[in-house]
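Worksheet: the structure to be examined is printed underneath.
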Amino acid sequence: LKYLNLENRMQEQKQASKEIELYFKEIDDKLKKAYKLANEARKKAYDPEDRIDIPLAKNMAERVEGLISTVAPQIVGSGISKRILDLEKKYKAMDWRISLIIAEEIAKEKFCRFKDKKEAMEVGIRVGFAYHTMGTVASPLEGFVGLDIRKRKDEKEYFALMYSGPIRSAGGTGGSVSVLIADYVRKKMGYYPYDPTEKEINRIIREVLDYHERATNLQYLPSEKELEFLAKNLPVQIDGDPTEKIDVSNYKDLERIGTNKIRGGFCLVFAECLAQKAPKLWNRLLKFKKEFDLEHWDFLEEFLNIQKEVKAKGEISKTNKKITPNYTFIEDLVAGRPILAFPLRTGGFRLRYGR
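Read in order, the letters of the sequence shown are residues 156 to 510 in this note's numbering.
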């Protein structure tokens, strides 16, 4: 009787799977029919474009390809989506190394040709970034505005990454990974690291603080010490279009920064991406930095020590405790709000959130 029941269940499952297959086939057939009809309607020239804008995708790899094809149509059917699927078999889905490898291969024009080297590298960064964000947000197109090749003081070329406000849709980790992908492409393509001047470093500090104080509150405001350290050590320049009507309060008219206005995308990448997500970035990098020649990012380890010391207001150097008080969350407290607990106060109230 047990075996009969088991056999019946197996037959039911097989029957159900056939029904589901037919169900999906019907959806697929009707979708293709609707697309064919819509494309025929577009060819009548009543609309500004003669084809359907939204590409169909069977999986995430095709979704990534379809998203970036809006700025680089030549990548469609070039083999990028197949290569992503092959890399997922070697590593695992959503592994950061896949983003790095696919960005490098596109930059080296292994799948299709581009008008110049700069476009190839830019599209490579976009595809790597789009893979990391699962091809579901606009950040690889609108948050990462583009790549600029600029001259160092010794006339060698370096990368300047242009960002705008929509970078926030990628989240802090996504934004910081986009910088890592771009730097990996820079290294593999033979470009030199960014060489910030003292004025440019001070401009970064001042602009992030101005954005927080005069434009909108940042989720995480790095200290001047954190900002200075990041500005000195980042191998690429973070830049962007002006988003605010107000000028930065100091360090204007700099040669390698094209505007005196506050740049929202730049501030978000520096503060809420690189500074806030540095611990996660460093933990992931530890697994493959040697394999991928990213050991010049070792500065993050020292940055995290600076960050801990700043958050603990120097208490980290006075005690041997592994966990120190973090005063960040009560720094901008509105007057009159009740305080449930001070940092690490004995008997204090704590909320713990999962994912």
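Here a beta-carbon is modelled for each residue, glycine too, at the ideal position from N, C-alpha and C.
Predicted model, so just to flag it, every value in this text is computed and none were measured.
| query | With 16 other CB atoms within 10 Å as the buried threshold, where does residue 484 fall? | reply | Position 329 of the sequence shown, counting from 1, holds the residue named residue 484. With fewer than 16 other Cβ atoms within 10 Å, it is exposed.
| Who are residue 312's beta bridge partners in DSSP? | Taking the first residue of the sequence shown as 1, we reach residue 312 at position 157. The partner list for residue 312 (beta bridge, DSSP) reads 306.
| request: Using three-state DSSP, classify residue 374 as helix, strand or coil. | output: Position 219 of the sequence shown holds residue 374. Coil.
| message | Tell me the DSSP secondary structure of residue 395 in three-state form. | response | In the sequence shown, the residue the question calls residue 395 occupies position 240. Three-state result, residue 395: strand.
| By how many angstroms is the C-alpha of residue 324 removed from the C-alpha of residue 200? | Translated into the one-based positions of the sequence shown, residue 200 becomes position 45. Translated into the one-based positions of the sequence shown, residue 324 becomes position 169. Cα to Cα, the separation comes out at about 35 angstroms.
| Can you find at least 3 beta carbon pairs, one from the stretch 233 to 249 and one from the stretch 211 to 224, that sit closer than 8 angstroms? | Verdict: yes, contact present.
| Cβ-based neighbour list, residue 422, same chain, cut-off 6 angstroms, excluding 5 preceding and 5 following | Residue mapping note: residue 422 aligns to position 267 of the sequence shown, counting from 1. Cβ within range, chain order: 363 and 366.
| What three-state label does DSSP hand residue 416 in the structure shown? | The count along the sequence shown starts at 1 and reaches residue 416 at position 261. Correct three-state label for residue 416: strand.
| said: Whole angstroms are fine: how far does the CA of residue 379 sit from the CA of residue 224? | reply: Numbered from its first residue, the sequence shown carries residue 224 at position 69. Numbered from its first residue, the sequence shown carries residue 379 at position 224. So the alpha carbons of these two residues sit roughly 40 angstroms apart.
| If we call anything under 8 angstroms between Cβ atoms a contact, is residue 355 one with residue 418? | One-based indexing of the sequence shown puts residue 355 at position 200. One-based indexing of the sequence shown puts residue 418 at position 263. Their beta carbons are not under 8 angstroms apart, which means residue 355 does not touch residue 418 by this criterion.
| residue 261 lies in the alpha helix (DSSP H); which residues open and close that run? | On the sequence shown, position 106 is the one that residue 261 refers to. It spans 251 to 262 - the alpha helix (DSSP H) in which residue 261 sits, taken as one unbroken run.
| Bounding residues of the alpha helix (DSSP H) (the contiguous stretch that carries residue 238) | Position 83 of the sequence shown, counted from the first residue, corresponds to residue 238. Run containing residue 238: 235 to 245, per the alpha helix (DSSP H) assignment.
| Who pairs with residue 318 in a beta bridge, going by DSSP? | Taking the sequence shown and counting its residues from 1, one reaches residue 318 at position 163. DSSP lists 299 and 395 as partners of residue 318.
| field | DSSP-derived helix/strand/coil call for residue 190 | value | In the sequence shown, counting from the first residue as 1, residue 190 sits at position 35. The answer is helix: DSSP assigns residue 190 an H, G or I state.
| With DSSP run on the structure shown, which of helix, strand or coil describes residue 402? | Against the sequence shown, residue 402 aligns to sequence position 247. Strand.
| Environment of residue 462 [buried if 16+ CB atoms lie within 10 Å] | The residue given as residue 462 occupies position 307 in the sequence shown. The residue in question, residue 462, is buried, as its Cβ has 16 or more Cβ neighbours within 10 Å.
| field | Rounded distance between the beta-carbons of residue 426 and residue 373, thought under 8 angstroms | value | Stepping through the sequence shown from its first residue, residue 373 is reached at position 218. Stepping through the sequence shown from its first residue, residue 426 is reached at position 271. By a beta-carbon distance limit of 8 angstroms, residue 373 contacts residue 426. Their separation comes to about 5 angstroms.
| Between which two residues does the alpha helix (DSSP H) harbouring residue 481 extend? | Position 326 of the sequence shown, counting from 1, holds the residue named residue 481. No alpha helix (DSSP H) holds residue 481; DSSP gives it neither H nor E.
| Where the alpha helix (DSSP H) containing residue 289 begins and where it ends | Residue mapping note: residue 289 aligns to position 134 of the sequence shown, counting from 1. Careful: residue 289 lies outside any alpha helix (DSSP H) and carries neither H nor E.
| message | Could you compute how far the alpha carbon of residue 204 sits from the alpha carbon of residue 228? | response | If you number the sequence shown from 1, residue 204 lands on position 49. If you number the sequence shown from 1, residue 228 lands on position 73. So the two alpha carbons sit approximately 15 angstroms from each other.
| field | Given residue 313 as reference, the closest of 420, 182, 350 and 285 once Cα atoms are compared | value | Here residue 313 refers to the residue found at position 158 of the sequence shown. When only C-alpha atoms are compared, the closest one is 350.
| field | Same chain only: Cβ atoms within 6 angstroms of residue 428, ignoring 5 sequence neighbours per side | value | Numbered from its first residue, the sequence shown carries residue 428 at position 273. Only 327, 330 and 331 meet the Cβ criterion.
| request: Kindly identify the DSSP beta-bridge partner or partners of residue 347. | output: Here residue 347 refers to the residue found at position 192 when the sequence shown is read from its first residue. According to DSSP, residue 347 bridges with 313.
| field | Bounding residues of the alpha helix (DSSP H) (the contiguous stretch that carries residue 493) | value | Against the sequence shown, residue 493 aligns to sequence position 338. Unbroken run through residue 493: none, as it is neither H nor E.
| said: For a minimum of 4 consecutive residues, which ranges assigned as the alpha helix (DSSP H) are wholly contained in the stretch 172 to 223? | reply: Taking only runs of at least 4 residues, the alpha helix (DSSP H) segments lying wholly in the stretch 172 to 223 are 215 to 223.
| Assuming residue 283 and residue 336 make a contact with CB atoms under 8 angstroms, what is their CB distance in whole Å? | Position 128 of the sequence shown holds residue 283. Position 181 of the sequence shown holds residue 336. About 4 angstroms; that satisfies the 8 angstroms criterion.
| Out of 488, 182, 184 and 291, which has the shortest C-alpha to C-alpha gap to residue 219? | Here residue 219 refers to the residue found at position 64 of the sequence shown. Per the Cα distances, 291.
| query | Contact check, residue 275 vs residue 257 under 8 angstroms by CB: the rounded distance? | reply | For the purposes of this step, residue 275 is identified with residue 120 of the sequence shown, where counting begins at 1. For the purposes of this step, residue 257 is identified with residue 102 of the sequence shown, where counting begins at 1. Rounded, the Cβ-Cβ distance is 13 angstroms, inconsistent with contact.
| query | What is the residue span of the alpha helix (DSSP H) that residue 363 lies within? | reply | Numbered from 1 along the sequence shown, position 208 holds the residue referred to as residue 363. Per DSSP, residue 363 belongs to the alpha helix (DSSP H) from 353 to 365.
| Rounded to a whole number of angstroms, what is the C-alpha to C-alpha distance between residue 505 and residue 433? | As a position in the sequence shown, residue 505 is number 350, starting the count at 1. As a position in the sequence shown, residue 433 is number 278, starting the count at 1. About 24 angstroms.
| Are the beta-carbon atoms of residue 317 and residue 300 separated by less than 8 angstroms? | Position 162 of the sequence shown, counted from the first residue, corresponds to residue 317. Position 145 of the sequence shown, counted from the first residue, corresponds to residue 300. Closer than 8 angstroms, so yes.
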